[in-house]
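Here is the structure we will look at.
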Amino acid sequence: MRTKLTLGGLALSLAVLSACRQDMHDQPKYVPLRPSDFFADGRSARPIAEGTVARGHLNDDKLFYTGKGADGRPSQEFPMPVTKALLLRGEQRYNIYCTPCHDRTGNGNGMIVRRGYRRPPTYHSDRLRQQPNGYLYDVITNGFGAMPDYAAQVQPADRWAIVAYIRALQLSQQASINDVPPEARNQLGGAK
Amino acid sequence: MSQIFRRSTNTFTRATIFGAVFMLGLTVWAIDRLSRSDYVTRATQAREQPVPFSHAHHVGGLGVDCQYCHTSVEISSYANIPPTKTCMNCHSQIWSTSPTLEPVRASYRTNQSIRWTKVNDLPDFVYFNHSIHVNKGVGCESCHGRVDRMPLTYQVNSLQMEWCLNCHRNPEKYVRPREFITTMGYQPAGDQEEIGRKLVAEYKIQNARTLTSCSTCHR
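Chain order of the listed sequences is P and R.
Residue numbers for the first sequence follow this note's numbering, so the first one is 1 and each next one is one higher.
Residue numbers for the second sequence follow this note's numbering, so the first one is 1001 and each next one is one higher.
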């Protein structure tokens, strides 16, 4: 009986001890988003002081970062070559960030709009077809009217990819069978 | 003088010896079970949150992609919890007077962070990285389960070393094509093992020896 008790007690205290050794589990260091009681606002990630330029982030490529040309107006030029890879990246990013409102075709009837958000204009109007690429870039960066900005969620290179994809969407709604290379036409499944 | 012990005591003694061994075994077994139980790993227990944010509503109902909110999951070790601004993208207009969302609006007004309760929490001595998993074709679902069905977020797997190793030994049972990373309810188009082996080769996933070496996760 004694042994039983001792063994049981030993096992129990081992179990209790192992459950208490938490000091290496919760080390006094900051991991992303861990709160801090040192700073008044409780954040361990500190805001960057005004005017700081991170190494390699001078961001002096005006076209790339603002979408504006040398004359300060939205530019029609792309800061990078428009490739298939860019379009595919754009499609993916567009589907993540823009479809909740603009929907997959760009008609502006996304899920959030159906739940009561202000309806955005369709991309397939003459006005938006004629806007320069830099204008679309600027809408993503700074928002427009009721549309929030996506600067924090979408990095500049991805914004350009989205712009390229919107151009492809606009083309797709205007396309005729003659825009499809003859060898690819039979993939369209009977569309005229 | 009469005997203190009766004859039957012999049996009793034998039973006690056996019983001690049995009890010891039982205790070890119980501790082992307990340490893997949901009670200890806190799996399947929904946490209280300052705002009752529902993935079932936003992902299951509205079809918003994980990356709309967890923006850095592809490029960083950390998946990122969205800042209040991300909620306000929609909630500036939707349910903009709902009392449930008052903490979100208060946070936006006062610039004070919302204090979400951490759900999946590895010990600090373990190194984990989202981007490597996501870029090599391990879907959110493989580790976090059907998030799109969670009214309140909970941890699905034990997150114990055994669980990590189980996949690191046989990644082909889990990997999927990269374009389905955030897909919930993914069904492989064919035999998972076969597709998995092909993907493991295509994505150049390292061998089990490297992936199970201690310094991979304890660095």
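The C-beta atom is built at its ideal place from N, Cα and C for all residues, glycine as well.
*Given P:L86 as reference, the closest of P:I162, P:T99, P:R34, P:Q131 once Cα atoms are compared*: P:I162
*Going by C-alpha distance, which of R:T1110, R:N1111, R:C1087, R:Q1112 is nearest R:T1100?*
R:C1087
*Hey, out of P:H102, P:R129, P:F39, whose CA is closest to P:A168's CA?*
P:R129
*How many angstroms separate the CA atom of P:P74 from the CA atom of P:A175?*
26 Å
_I need the DSSP call for P:M24, collapsed to helix, strand or coil._
coil
*Nearest-angstrom Cα distance between R:T1071 and R:A1208?*
Taking the straight line from one Cα to the other gives about 30 Å.
*Note down, in chain order, each residue of its chain lying with its Cβ closer than 8 Å to the Cβ of R:K1085, except the 5 sequence neighbours on either side.*
Y1108
*Does DSSP put R:Q1206 in a helix, a strand or coil?*
coil
*asked:* Contact criterion: CB-CB distance below 8 Å. Does R:F1125 meet it with respect to chain P?
replied: yes
*Output, in chain order, the set of chain B residues within a Cβ distance shorter than 7 Å of P:D26.*
Protein chains in the displayed structure are P and R, and chain B is not among them.
_Let me check understanding here. Comparing Cα to Cα, which of P:P32, P:P132, P:S36, P:N95 lies closest to P:L63?_
P:P132
*asked:* Could you compute how far the alpha carbon of R:I1094 sits from the alpha carbon of R:D1124?
replied: 38 Å
_Separation of P:T83 from P:I166, as counted between CA atoms_ = 14 Å
*Identify, in the order they occur along the chain, each residue of the same chain with its Cβ nearer than 6 Å to the Cβ of R:K1136, setting aside the five sequence neighbours on each side.*
Within the same chain, and ignoring the five residues on either side of R:K1136 in sequence, the residues whose Cβ sits closer than 6 Å to its Cβ are Y1203, I1205.
_Quick check on R:R1149: buried or exposed, where buried means 16 or more other Cβ atoms within 10 Å of its Cβ?_
Note on R:R1149: under 16 other CB atoms within 10 angstroms of its CB, so exposed under the neighbour-count rule.
_Residue range of the unbroken alpha helix (DSSP H) whose run includes R:E1141_ = 1140–1144
*Any idea if P:Y123 is buried or exposed, counting beta-carbon neighbours within 10 angstroms, 16 or more meaning buried?*
buried
_Output needed in chain order: residues of the stretch 111–127 of chain P with a Cβ under 7 Å from some Cβ in chain R._
From the stretch 111–127 of chain P, only M111, I112, R115, G116, Y117, R118 have a Cβ closer than 7 Å to chain R.
*asked:* Run through chain R and tell me which residues come within less than 9 Å of P:D103, C-beta to C-beta.
replied: Per Cβ cutoff of 9 Å: no residues; P:D103 is ~11 Å from chain R at best.
*If you measure from the beta carbon of P:P156 to each beta carbon in chain R, is any gap under 8 Å?*
no
*Bridge partners - P:K68, DSSP secondary structure assignment*: P:P74
*Does the stretch 1005–1018 of chain R touch the stretch 132–149 of chain P, meaning 3 or more C-beta pairs lie closer than 8 Å?*
no
*Would you check whether the ligand GDP has a heavy atom nearer than 7 Å to the C-beta of R:F1125?*
As far as ligands go, the structure on display features none, and thus does not contain the ligand GDP.
_Residues that R:K1136 contacts on chain P, provided the C-beta gap is smaller than 8 Å_ = Ordered by position in chain P, no residue passes the 8 Å Cβ test against R:K1136, which lies about 17 Å from the chain.
*asked:* Considering Cα atoms alone, identify which of R:C1143, R:V1126, R:I1081 is closest to R:N1166.
replied: R:C1143
*On the premise that R:L1122 lies in contact with R:H1168, defined as a C-beta separation below 8 Å, what is that separation, rounded to the nearest angstrom?*
Not really, about 15 Å apart at Cβ, beyond 8 Å.
_So, for P:Y65: in the same chain, excluding its five sequence neighbours on each side, which residues have a beta-carbon less than 7 Å away from its beta-carbon?_
N59, P156
*Cutoff 6 Å; reference R:V1126; Cβ partners in own chain excluding five residues on either side*: Short of 6 Å from the beta carbon of R:V1126, and not among the five residues preceding or following it, lie these beta carbons of its own chain, in chain order: C1217.
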